[in-house]
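Okay, so here's the structure we're looking at.
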Amino acid sequence: MAAMGTVGKIAVGLALGATLFSGGLGSALAKESASSTAEAALESRLKQTRSQSYRYAMLAGYSATERGDYHTALINFRRALTYRPGDRYATAGIRNMQTYIAQERAEAAKQAEIVQRQATLAAAVEASDWACAAASVDRLVVLVPPTSADRARLIAYRGELAGFIQARANLDQWSTVCPGGQV
1 MAAMGTVGKI
11 AVGLALGATL
21 FSGGLGSALA
31 KESASSTAEA
41 ALESRLKQTR
51 SQSYRYAMLA
61 GYSATERGDY
71 HTALINFRRA
81 LTYRPGDRYA
91 TAGIRNMQTY
101 IAQERAEAAK
111 QAEIVQRQAT
121 LAAAVEASDW
131 ACAAASVDRL
141 VVLVPPTSAD
151 RARLIAYRGE
161 LAGFIQARAN
171 LDQWSTVCPG
181 GQV
């Protein structure tokens with residue numbers, strides 16, 4: 001009888017386990033497993049989406065760079081960096097675009113100064129203000145590229161201005177455009 005009691009308990013335990021597994025606990029375990037699989041699939045899709053977004057942002061950045069649109073390229077390289085923080089390619093792209101933009105700004109400022117100096121030179125020559133004209137030419141020589149034909153013309157013109165200054169021509173018009181001889 002004792003053997004029958006143990007066998008009965010085992011049978012009841014198995015029956016109870018089967019009931020729990022098929023209805024209660026098994027269902028809960030199955031749901032947890034399905035939930036875990038769904039989370040893994042979702043995480044995989046998010047990684048894939050981030051990877052695609054990174055790739056698209058980098059390609060857009062490279063394309064904009066080729067067109068010389070450095071601001072758009074910078075935006076896209078920064079966007080790529082948000083998808084892959086610390087990425088060396090996105091970081092290098094950002095650094096390069098910032099350098100190109102700074103160079104563009106410096107060149108624009110230089111061109112604006114050239115235009116301003118040319119206007120001052122024209123006004124100085126019109127007023128026979130040879131000191132101001134000479135100072136304007138001196139500054140223009142520095143701003144114009146060394147290989148430019150304009151630079152050679154400016155240097156020759158500077159020689160002419162030196163002749164006017166040495167002859168002390170029009171001393172009554174001395175430094176009217178550039179007060180104090182400042183440019």
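No gaps in the numbering here: position 167 of the sequence shown is 167 in our numbering, and each next residue is one more.
Beta carbons are placed, not taken as given, at the ideal position from N, Cα and C, and that holds for glycine.
Item                                                                                                                 : Value
Beta-carbon proximity of residue 125 to residue 133, cut-off 8 Å                                                     : yes
The segment 81-96 contacting the segment 112-121, beta-carbon criterion three pairs below 8 Å                        : no
Sufficient close CB pairs (3 or more, under 8 Å) joining the segment 51-70 to the segment 83-94                      : yes
Integer Cβ distance of residue 130 from residue 155, believed to fall under 8 Å                                      : Not confirmed; about 16 Å, so no contact.
Neighbour-count burial assignment, residue 63, 16 or more Cβ in a 10 Å radius                                        : exposed
Exposure label - residue 65; buried when at least 16 CB within 10 Å                                                  : buried
Residue 42 burial status per 10 Å Cβ neighbour count (16 or more: buried)                                            : exposed
Distance between residue 136 and residue 152 (C-alpha atoms, nearest Å)                                              : 15 Å
Continuous alpha helix (DSSP H) assignments of at least 4 residues falling wholly in the segment 28-101              : 70-83
Own chain partners of residue 143 with C-beta closer than 8 Å, once the 5 adjacent residues on each side are dropped : 110, 113, 114 and 117
Member of 107, 139 and 100 whose CA lies at the smallest distance from the CA of residue 158                         : 139
Distance between residue 45 and residue 85 (C-alpha atoms, nearest Å)                                                : 18 Å
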